[in-house]
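Mapping of the sequence shown onto our numbering: residues 2 to 269, in sequence order.
In what follows, a single structure is set out as structure tokens and then discussed.
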Amino acid sequence: MVVLGWGDLVAPREVLKLGPRGREVCNWNKGQHSVQFGARILDKQLYRRTDESLWIQFKALSQFYQKLALDIHIMSLWTMKEADFYSVQQIQIGFLNPVVCNQGTLKYTSTIDELAKSFRVNKLRSILLPYNYVNDHHVLLDISVEMSTVNVYDSQKSQLENIHPFIEALNKAYEKLKSRSKKHHELGRSGFQVVSTGSIPMQPAGNDLYGFYVMHYMRDLINPLSGSQTEVSSTPELTDLEISRFQEYLSGFTIDQVVNPKGVHHLF
Numbered sequence: 002m003v004v005l006g007w008g009d010l011v012a013p014r015e016v017l018k019l020g021p022r023g024r025e026v027c028n029w030n031k032g033q034h035s036v037q038f039g040a041r042i043l044d045k046q047l048y049r050r051t052d053e054s055l056w057i058q059f060k061a062l063s064q065f066y067q068k069l070a071l072d073i074h075i076m077s078l079w080t081m082k083e084a085d086f087y088s089v090q091q092i093q094i095g096f097l098n099p100v101v102c103n104q105g106t107l108k109y110t111s112t113i114d115e116l117a118k119s120f121r122v123n124k125l126r127s128i129l130l131p132y133n134y135v136n137d138h139h140v141l142l143d144i145s146v147e148m149s150t151v152n153v154y155d156s157q158k159s160q161l162e163n164i165h166p167f168i169e170a171l172n173k174a175y176e177k178l179k180s181r182s183k184k185h186h187e188l189g190r191s192g193f194q195v196v197s198t199g200s201i202p203m204q205p206a207g208n209d210l211y212g213f214y215v216m217h218y219m220r221d222l223i224n225p226l227s228g229s230q231t232e233v234s235s236t237p238e239l240t241d242l243e244i245s246r247f248q249e250y251l252s253g254f255t256i257d258q259v260v261n262p263k264g265v266h267h268l269f
């Protein structure tokens, strides 16, 4: 990683290579005097009982603009943005917060409760989760409670066995949901089944851009449902132009909805 001065997200000569919204974030960052910034997670957005806060380190934002491995909190911010977009488009898809549900939190009862709660409000629709299961390796999981399936979008086609701890957590959450429900909807004998996706853009060996590929997969799922004309990759791997587009999307969301005092995710 490039050594940067205080207040710099990228090297000064690299700022002009960013889009206009990315440059806005860089200019805003220069006036900050802390190592992190906060965003408000709406209670109705990710099915929390109350509004909560997400804290993102500026170091993680710097990695995002340098096209390096993405921090899980950046993936959570992206999930908030996509949840807002889906809501505006009136697309019936649920979301889980990757900071709450990831490989490192599966041992907690609160995580199982979170999954069960999401099942209750998303019985007949997909639930999307950018899932982090080791270091900076993120995959997109498309969970269907109705079909008892988990579609795995993995830019490196890792062994599906890596997802099994999460599948075990899903089955525990479903059993908890059934035990609390007056109507017992039977799950298949073998529980949730893991399904690998077909042809998807794959990242070449030697890079760690898993997070950007997850952003692509989420947007690729949106387009047919929203009627969007947004271009998606037709190549075997993401291009720099496509990655830059994702940077602009998240930059605009950060400025308009998090930094702006009138934004719905502004903390204070």
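For every residue, glycine included, the Cβ atom is placed at its ideal position computed from N, Cα and C.
These numbers come from a predicted model, not from an experiment.
Where residue i sits in the DSSP three-state scheme
i	result
E249	helix
R126	coil
I223	helix
G95	strand
Q230	With a pLDDT of only 43 at Q230, under the threshold of 50, the placement of this residue in the model should not be trusted; the figure read from the coordinates follows. Three-state result, Q230: coil.
V36	coil
E147	coil
L116	helix
Y132	strand
Q90	coil
H74	helix
E53	strand
S235	With a pLDDT of 47 at S235, under the threshold of 50, the modelled position of that residue is not reliable, and no figure is offered here.
G210	According to the sequence provided, residue 210 is Leu. The question's Gly does not apply to it. Note: L210 maps to coil in three-state DSSP.
I256	helix
V140	strand
I201	coil
Near the ligand MN: residue i beta-carbon under 6 Å from a heavy atom
i	result
R126	Summarising the ligand content, the structure contains no ligands, and the ligand MN is consequently not present.
Residue range of the unbroken beta strand (DSSP E) whose run includes residue i
i	result
N152	T150 to Y154
E15	That residue, E15, is in no beta strand (DSSP E); its alpha helix (DSSP H) goes P13 to V16.
Q64	Element bounds for Q64: not the beta strand (DSSP E) but the alpha helix (DSSP H), F59 to Y66.
Q194	Q194 to S197
Short Cβ contact (7 Å threshold) for residue i with residue j
i	j	result
L161	V195	yes
L17	N30	no
V1	L141	This structure cannot speak to residue 1, because the chain is shown only from 2 to 269.
S252	V26	yes
I113	K173	yes
Y211	S156	yes
A1	H266	No statement about residue 1 is possible, as the shown extent of the chain runs from 2 to 269 and does not include it.
F193	L171	yes
S127	S145	yes
F213	F247	yes
First through last residue of the alpha helix (DSSP H) which encompasses residue i
i	result
V26	P21 to N30
S180	H165 to R181
Residue burial classification, residue i (beta-carbon count within 10 angstroms, cutoff 16)
i	result
V153	buried
V122	exposed
M81	buried
V259	buried
L71	buried
P99	buried
R181	exposed
E243	buried
P166	exposed
T51	With a pLDDT of only 49 at T51, under the threshold of 50, the placement of this residue in the model should not be trusted, and no figure is reported.
E115	buried
N103	buried
R220	buried
N133	buried
Touching by the beta-carbon criterion (3+ pairs, under 8 Å), the segment 53 to 72 and the segment 105 to 121: Because the criterion of three Cβ pairs below 8 Å is not met, the segment 53 to 72 and the segment 105 to 121 do not touch.
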